[in-house]
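Novice: I am attaching a structure below and will ask some questions about it afterwards.
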Amino acid sequence: MKDRDSLFLRHVLSAIDEISSFTAEGQQAFMADRKTQSAVIRQLEIIGEAVKNLSADLIAAETAVPWRQIAGTRDRLIHAYFSVDLDSVWSMVEQDLPTLRVQVRQIVDRLT
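Count the sequence shown with my numbering and you get residues 35 to 146, in order.
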């Protein structure tokens, strides 16, 4: 289970790094480029899917991370793809992902 959790957490880290790369030119460039928007949204979906595959034990042990919200974001992006709020996506990129990256990195370090 530990190895499986570590694998999915590494997927989260990889997706966050991809998003950082895709959005390096800033909000204005993100808002102007549908390909970048699609790429970022896809990586957010991957983060949510990876979180959904984490063990119940890890989720219960790591209460500082908003796992349920992350999984819920994935569901909203997948099922309400026609009404994705790009301002909300950008807010996640700027405000939520840096913190999530630190939290997940610390968990991975503890697991390995």
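All C-beta atoms, glycine included, are put in the ideal place defined by N, C-alpha and C.
Since we're looking at a predicted model, the values are computed, not measured.
Can you tell me where the alpha helix (DSSP H) holding L120 begins and where it ends?
Specialist: Per DSSP, L120 belongs to the alpha helix (DSSP H) from L120 to S125.
Novice: Which residue wins for smallest C-alpha separation from G106, given the options S48, A98, A95 and I81?
Specialist: The shortest C-alpha separation from G106 is found at I81.
Novice: Could you have a look at E128 and say whether DSSP puts it in helix, strand or coil?
Specialist: It is helical.
Novice: For K86, tell me which candidate among R102, L41 and F56 has the shortest Cα-Cα distance.
Specialist: That would be R102, whose Cα lies nearest to the Cα of K86.
Novice: Let's see if you can read the secondary structure: which residues bound the alpha helix (DSSP H) around L88?
Specialist: Per DSSP, L88 belongs to no alpha helix (DSSP H) and is neither H nor E.
Novice: Tell me the residue span of the alpha helix (DSSP H) that contains F64.
Specialist: Here the alpha helix (DSSP H) through F64 covers Q61 to A66.
Novice: Can you tell which of H45, S89 and D119 has the C-alpha that lies nearest to the C-alpha of F64?
Specialist: The option with the nearest alpha carbon to F64 is D119.
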